[in-house]
Amino acid sequence: MMAQEHAHSSAVERLLNCEVPLRAQYIRVLFREITRISNHSLALTTHAMDVGASTPFLWAFEEREKLLEFYERVSGARMHASFIRPGGVAQDLPLGLCRDIDSFTQQFSSRIDELEEMSTGNRIWKQRLVDIGTVTAQQAKDWGFSGVMLRGSGVCWDLRRAAPYDVHDQLDPDVPVGTRGDRYDRYCIRIEEMRQSLRIIVQCLNQMPSA
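Residue numbers for the sequence shown follow the UniProt record's numbering, beginning at 1 and rising by one.
This is how it looks when you write it as structure tokens:
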């Protein structure tokens, strides 16, 4: 997935003191947030299957296909794209892709609502998640947690805010943080982070300089 490509490329660019073109930075952020949505939706819905709900998983795969198609359109590959490379990206976005990504953001928001409607307030769902797998903020720090696991324990830390890279200093998503540090908090954070990813994607589409 493109997050790993970015980590490698960023390391090379820092070693070489290489400057990435502004448009390429926006494209990178755009596809990293597409990747985040893909990963979160899969994590949430396979989790749902583990605790007895199979329908969300089928919904997620339908939406994930659209995201993998965006991968394929820029790189020819659905998983290991080799799209983000040292110095920028492999090629510019094909015609019509920005329009299609914008259309996706408009309809996927309602998909998140549907997932929440089925799960968030569900009595059985909450019985199986609330106060289960609790990790305190101090434990999360001591054990080297990051990402959703860290924020779920109440630590407001996001690398995109703490050490902005590419154009993240030009974007303004919220950082959702948990209060109990349990499985339910981590579920809620992934839901909200998908919404924030949509927000970032829209900002990238609106702010990205022309080719």
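Note that CB positions come from ideal geometry on N, CA and C, so glycine has one too. Just so it is clear, the structure is predicted and the values come from calculations on it, not from any experiment.
Check, Outcome
"Residues sharing a beta bridge with Gly88, DSSP", "Arg85"
"Alpha helix (DSSP H) segment containing Asp100, residue limits", "97-119"
"Straight-line gap, Gln139 to Ser10 (C-alpha atoms, nearest Å)", "30 Å"
"Of the listed residues Asp169, Val155, Arg111, nearest to Arg161 (C-alpha basis)", "Asp169"
"Local conformation of His80 per DSSP, three classes", "coil"
"Best match in Arg151, Lys126, Gly87, Gly144 for proximity to Glu19 [C-alpha to C-alpha]", "Gly87"
"Reduced DSSP category for Asn39 - H, G, I as helix; E, B as strand; rest coil", "helix"
"Inter-residue spacing [alpha-carbon to alpha-carbon] between Arg78 and Tyr71", "5 Å"
"Pro21 burial status per 10 Å Cβ neighbour count (16 or more: buried)", "exposed"
"Test item: CB-CB of Arg199 and Gly178 under 8 Å", "no"
"Rounded straight-line distance, which links the Cα of Leu159 to that of Glu5", "17 Å"
"Reduced DSSP secondary structure (H/G/I, E/B, other) of Asn17", "coil"
"Leu16, buried or exposed, once every other Cβ within 10 Å from all chains shown has been counted against 16", "exposed"
"When Ser41, Leu30, Asn39, Phe104 are compared against Met208, the one with the closest alpha-carbon", "Leu30"
"Asp166 in three-state terms, based on DSSP", "coil"
"Three-state secondary structure assigned by DSSP to Leu93", "coil"
"Contact between the segment 49-58 and the segment 30-39 (3+ Cβ pairs under 8 Å)", "no"
"Asp113 versus His80, Cys188, Val12, Gly181, residue with shortest Cα-Cα distance", "Cys188"
"Rounded separation between Ser110 and Met194 - CA only", "12 Å"
"Boundaries (first-last residue) of the alpha helix (DSSP H) holding Pro176", "That residue, Pro176, is in no alpha helix (DSSP H); it is neither H nor E in DSSP."
"Inter-residue Cα distance where the pair is Ser54 and Thr45", "8 Å"
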